[in-house]
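Single-structure report; data block below.
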Amino acid sequence: MTLIETYHKYRVFAQRKKLSWITPSPLVNAVDNKSFNYSLEEPILREFGSYFSFTHPYRFSTMQPCTRGADIGRIKKGKTQNHLALFHIFPTAFSLSPNLEKINVYHRDAIFDTVDYLRATGIDIRKLKVTYFSGGNLHDISNGYVSVHKTFPADIVTLQSFLEAGLENNQLVPLANLDTFVATFDGDEDFLAGNRFEIYHPLSDNSALLEIATGESLKYRQVRRNKVTIDILPAPCCATPVAIGLERLQAILENRTSVRSISALTDIADLLAPLLGSSARKDKLIAADFFRAAHLVLAQTHKTRLNASISEQRRVILSHLCRQSWNQDILASNFLPVLRRNAALHPWLPELADGAEIVADLLIKNIERRRYS
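All residue numbers for the sequence shown refer to our numbering, where the first residue is 313 and numbers rise by one.
Here you go:
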């Protein structure tokens, strides 16, 4: 199954589940003025203007591009083949509601729908592992990182729902840490809090379990001051999001040993190969990854005035791409077939095709600037 086929299967699934399709959030949006988008939080603000004033139930579907500074740092240090400079996440469930009493129903439905989608793509659910919150004192489970001395119960709804959806007891792993209980946020404002589960599947060589999806059951409110969580209180609303990583799922579906070796990246690497001379295969795959990221970043921001923090993130992405061993006689026109192929692989991002010629010119200018700086 190709990346585009996985995307189309998701669109069919979303229509069947009556999840309204919304335009993906731009990389620069209202959620965080210090970094590119890395989550599904912007649609909440788009619909309600608040993380807590849900005036009506809301469910949506989208294919959201993300880029994270921490992931780029890992790639630059050669520490990972399973994190990408650009990746996509999509919700199999994302219910927001003012009706807090129905959170367990929403959460159970979200888990059933997610397992339903994974089965539909061909995933063998017998191979899944799921971590969930086993309960505990928040101060203790965070090793003192969150100074809130309150105890929260084990997430029995997640456990029971996955069992009812067809998983076995030995596939469900209870954990108590900040990966299984949401109690932090990068912003300064109050945010939702609650239980989290993570779904894993082994890579083709069984070398490691790869996280492919994350879900949450949020019914609490983080009270935050100076970017620190000082209390956890009941929220006036609830959210039950579940999101799957597109490229990570694709690595499983294509039976790959790493996320970076999926066909959507090898296709771009093969097209870039003649422009990169004698670079090693692994370097061409990294170049393909940063090429995808630079393509979207430039297509979306070439006319945008960025603040210093986000401008630095863009510089890091472009710098890592442009310092590759490009041929001396490379022209903007050499990039156009690669940009068009990349656009065709991501039909949910029409700006990739619309901005191809502008991006090609900007890439050449950045490569030349890098050479002579």
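Each residue gets a CB set at the ideal place from its N, CA and C atoms; glycine is no exception.
Using a Cβ-Cβ cut-off of 6 Å (strictly less than) and excluding sequence neighbours within five positions of residue i, which residues of its own chain qualify?
{"i": "S407", "result": "R371, Y418 and T552"}
{"i": "T374", "result": "I334 and P336"}
{"i": "V343", "result": "E353 and E354"}
{"i": "R626", "result": "V609"}
{"i": "R420", "result": "S473"}
{"i": "K539", "result": "D500"}
{"i": "G448", "result": "A488"}
{"i": "I676", "result": "A644"}
Give me, in chain order, the residues of the same chain whose beta-carbon lies closer than 7 Å to that of residue i; leave out the 5 immediate sequence neighbours on both sides.
{"i": "W638", "result": "L587, L588 and I679"}
{"i": "K264", "result": "Because residue 264 is not part of the residues shown, which for the chain are 313 to 685, the question remains open."}
{"i": "K594", "result": "none"}
{"i": "G506", "result": "V494, E528, S529, L530, K531 and Y532"}
{"i": "A668", "result": "L648, L651, R652 and A655"}
{"i": "K596", "result": "A581, L584, A585 and L588"}
Rounded to the nearest angstrom, how far is the Cβ of residue i from that of residue j, given a contact under 8 Å?
{"i": "E523", "j": "Y512", "result": "5 Å"}
{"i": "L664", "j": "A655", "result": "4 Å"}
{"i": "T569", "j": "L504", "result": "Not a contact, Cβ separation roughly 36 Å."}
{"i": "S409", "j": "T470", "result": "Incorrect: roughly 18 Å between the Cβ atoms, too far for contact."}
{"i": "I401", "j": "C378", "result": "6 Å"}
{"i": "A547", "j": "F364", "result": "6 Å"}
{"i": "L630", "j": "V340", "result": "That pair is no contact at about 15 Å."}
{"i": "A520", "j": "P403", "result": "Not a contact, Cβ separation roughly 25 Å."}
{"i": "H308", "j": "K388", "result": "Outside the displayed range of the chain (313 to 685) lies residue 308, so it cannot be described from this structure."}
{"i": "D498", "j": "R536", "result": "Actually they do not touch by this definition, with Cβ atoms about 10 Å apart."}
{"i": "T392", "j": "F445", "result": "That pair is no contact at about 26 Å."}
{"i": "Q636", "j": "A599", "result": "5 Å"}
In terms of residues, what are the limits of the alpha helix (DSSP H) holding residue i?
{"i": "T404", "result": "Where T404 is concerned, there is no enclosing alpha helix (DSSP H), although the beta strand (DSSP E) it sits in stretches over F399 to S409."}
{"i": "D649", "result": "A small fix is needed here, since residue 649 is Pro in this sequence, not Asp. Its alpha helix (DSSP H) spans residues A644 to A656."}
{"i": "F432", "result": "Position check: residue 432 holds Ala in this sequence, whereas Phe was assumed. That run of the alpha helix (DSSP H) goes I415 to T433."}
{"i": "K389", "result": "Segment: none, K389 is in no alpha helix (DSSP H) and carries neither H nor E."}
{"i": "F364", "result": "Careful: F364 lies outside any alpha helix (DSSP H) and carries neither H nor E."}
{"i": "L630", "result": "A620 to C634"}
{"i": "Y319", "result": "L315 to R328"}
{"i": "V609", "result": "R593 to T613"}
{"i": "Q472", "result": "I468 to E476"}
{"i": "L450", "result": "L450 to I453"}
{"i": "L339", "result": "L339 -> no alpha helix (DSSP H), and no H or E assigned at all."}
{"i": "D579", "result": "S575 to L584"}
{"i": "L479", "result": "It is not in any alpha helix (DSSP H) - L479 carries neither H nor E in the DSSP assignment."}
Please go through the same chain and pick out, in chain order, the residues whose beta-carbon is closer than 8 Å to the beta-carbon of residue i, but skip the five residues on each side of it.
{"i": "T318", "result": "T433, L558, L561, Q562 and L565"}
{"i": "I670", "result": "L610, A611 and H614"}
{"i": "A483", "result": "Per the sequence shown, residue 483 should be read as Gln rather than Ala. R438, L440, K441, V442 and F474, listed in sequence order."}
{"i": "I574", "result": "L315, E559, Q562, A563, E566 and R568"}
{"i": "V460", "result": "L450, H451, A495, T541, I542, D543 and I544"}
{"i": "D601", "result": "I387, L396, A397, L398, R572 and L577"}
{"i": "V427", "result": "I437, F474, A477, G478 and L479"}
{"i": "S590", "result": "S637"}
Ends of the beta strand (DSSP E) at residue i?
{"i": "L521", "result": "L521 to R537"}
{"i": "V458", "result": "Where V458 is concerned, there is no enclosing beta strand (DSSP E), given that its DSSP letter is neither H nor E."}
{"i": "H513", "result": "F503 to P514"}
{"i": "R371", "result": "Y370 to S373"}
{"i": "T541", "result": "V540 to G557"}
{"i": "K441", "result": "K441 to F445"}
{"i": "L484", "result": "L484 to L487"}
{"i": "Q640", "result": "No beta strand (DSSP E) contains Q640, which DSSP labels as neither H nor E."}
{"i": "P377", "result": "Q376 to C378"}
For residue i, which of the options has the nearest alpha-carbon?
{"i": "I437", "options": "Y444, T470, A477 and P403", "result": "A477"}
{"i": "T496", "options": "K321, A405, I453 and A466", "result": "I453"}
{"i": "I468", "options": "I423, V427 and D498", "result": "I423"}
{"i": "P369", "options": "R386, K346, E413 and R380", "result": "E413"}
{"i": "F348", "options": "A620, A672 and D502", "result": "A620"}
{"i": "L648", "options": "L674, L661 and Q636", "result": "L674"}
{"i": "A405", "options": "C550, L398, L331 and A672", "result": "L331"}
{"i": "A576", "options": "S351, R652 and H461", "result": "R652"}
{"i": "N304", "options": "L583, T526 and S590", "result": "For residue 304 there is no data in the structure shown, the boundaries of the chain being 313 and 685."}
{"i": "V485", "options": "P465, T463, G499 and F509", "result": "F509"}
{"i": "S351", "options": "M313, F399, K321 and N394", "result": "F399"}
{"i": "V628", "options": "T616, R682 and S362", "result": "R682"}
{"i": "T367", "options": "C549, K596 and S590", "result": "C549"}
{"i": "A488", "options": "K391, A466 and N394", "result": "A466"}
{"i": "K321", "options": "D666, L430 and R380", "result": "L430"}
{"i": "A525", "options": "I435, M313, R358 and T463", "result": "I435"}
{"i": "D579", "options": "N411, I676 and F603", "result": "F603"}
{"i": "L661", "options": "L357, I356, Q376 and I622", "result": "Q376"}
{"i": "V458", "options": "T616, N481 and L490", "result": "L490"}
{"i": "D502", "options": "N481, Q534 and N518", "result": "Q534"}
Should residue i be listed as close to the ligand MN, given that the test is whether its C-beta is under 6 Å from any heavy atom?
{"i": "F325", "result": "As far as ligands go, the structure on display features none, and thus does not contain the ligand MN."}
When the cut-off is 7 Å and only beta carbons count, does residue i lie next to chain D?
{"i": "H614", "result": "Annotation note: the requested chain D is absent from the structure, which comprises a single protein chain."}
### Query
Does the region 596-608 come close enough to the region 324-337 to have 3 or more Cβ pairs within less than 8 Å?
no
### Task
Specify whether the region 378-386 and the region 538-545 touch according to this definition: at least 3 beta carbon pairs, one from each stretch, less than 8 Å apart.
no
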